[in-house]
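Chains A and B supply the protein sequences, listed in that same order. If you count the first sequence from 1, position 20 lands on 20 in the numbering used here, and the numbers rise without skipping. Converting from the second sequence to the numbering used here requires adding 1000 to each position, the first position being numbered 1. The beta carbon of each residue, even a glycine, is placed where N, CA and C say it ideally should be. Given the structure is predicted, the values throughout are model-derived calculations rather than measurements. Just below is one structure, and these are the notes that go with it.
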Amino acid sequence: DAGVTQSPTHLIKTRGQQVTLRCSPKSGHDTVSWYQQALGQGPQFIFQYYEEEERQRGNFPDRFSGHQFPNYSSELNVNALLLGDSALYLCASSPHFIGEQFFGPGTRLTVL
Amino acid sequence: AQSVTQLDSHVSVSEGTPVLLRCNYSSSYSPSLFWYVQHPNKGLQLLLKYTSAATLVKGINGFEAEFKKSETSFHLTKPSAHMSDAAEYFCVVTLPNYGGSQGNLIFGKGTKLSVKP
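Encoded structure:
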C-alpha cells in the first residue's frame, strides 16, 4: 500500500500565478482533506471532499478551490498567488465513516 | 468553537529521561483529541487518539496521554526519551461530522521536542 501520495514535492511560483497540487488517497479511502502549514505553525484546514463534493471548508478565500475525481484523487487549485500562500500543503485521506486521517508528505509551495 | 493550546513551543530532554508535552483544549461538545508527530520531511503520523472511551490512551512508540475533563487537558507523556523521538508534536481536536466521519482537524501550534544524548 503506497499510502497518501502528493505531487509535486516542491514548487516555485511567482505572485499572481495559479498552481495545482495533486493528491492520491490511501487505498480504500474515499474522503480527502487539504491543509496549509505555514512555517512554524500547525496545519490549518482548507476543505474536505467526499463523493466529489466539497463537504466542509475552513477560513480560506475563494482563490482556493478543489476537485475530487471519481477515483477519489483530488486537486487543490490556488489562483492569484500571494507571497503569504507560501507553505507546506498537506493532503489527508480517510475512510468516510471510520475516520482516522492519514497524511501525505506534502507539497512545499514557494511564492516569489 | 474548538481550539487547542500547546503550552510549550520547545521542550528539551536528555535521552532516557521522561517526556511531558502539555496541551489544553477548548470545546463546547465532547471532543475527539489526538496527538500527531511530524518528523522533518515526513508526513504527519498519528501517535494516539481519545474518542470518549478510556481516559488513559496508549499510542505508538511508548507514548501515552491522559484525558482530564476537569482540567481540559490532554498531556502527552513517555517514560524514557529516545533520540528518534526528536520531532514536532501537534495536539489536535475535532468533532465528528454528521454520519460519524471525522471532521476537520484543528491543530495546535506544535511543540518541538529535542533529545540530547
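Nearest neighbour of V32(A) by Cα position, chosen from L112(A), T110(A), Q101(A), G40(A), turns out to be Q101(A). For the beta strand (DSSP E) assignment, the uninterrupted runs of no fewer than 3 residues enclosed by the stretch 23-80 of chain A are, from N- to C-terminal side, 31-37, 44-50, 53-57, 64-68, 74-78. Against N1104(B), the close residues of chain A are S33, F45, Q48, Q56, G58, in the order they occur along the chain (beta-carbon pairs closer than 8 Å).
For F64(A), no Cβ of chain B is located within less than 8 Å of the residue's own Cβ. For K1058(B), the pairing in a beta bridge is given by DSSP as E1064(B).
For a cut-off of 8 Å, the C-beta gap from Y35(A) to Q44(A) is around 6 Å, short enough to register as a contact. The three-state secondary structure of S93(A), taken from DSSP, is strand. Residues of chain B whose Cβ lies closer than 8 Å to the Cβ of G106(A) are, in chain order, G1043. A1087(B): member of the beta strand (DSSP E) spanning 1087-1094, first to last residue. In this structure, the CA atom of Q17(A) is about 21 Å from the CA atom of F47(A).
Per DSSP, the continuous beta strand (DSSP E) segment holding V1013(B) begins and ends at 1010-1014. Within chain A, the residues placing a beta-carbon under 9 Å from that of K1109(B) are G40, Q41, G42, ordered along the chain. The C-beta of N1061(B) has fewer than 16 other C-beta atoms within 10 Å across all chains shown, which makes the residue exposed. Contact of F1090(B) with chain A is assigned, a C-beta pair being separated by under 8 Å.
At a cut-off of 8 Å between C-beta atoms, Q101(A) counts as an interface residue with respect to chain B. Not flagged as an interface residue toward chain B: L11(A), since no C-beta distance is shorter than 8 Å. Q1006(B) is not a Cβ neighbour of P1031(B), given a cutoff of 8 Å. Rounded to the nearest angstrom, the Cβ distance from R22(A) to L83(A) is 23 Å, too far for a contact under 8 Å.
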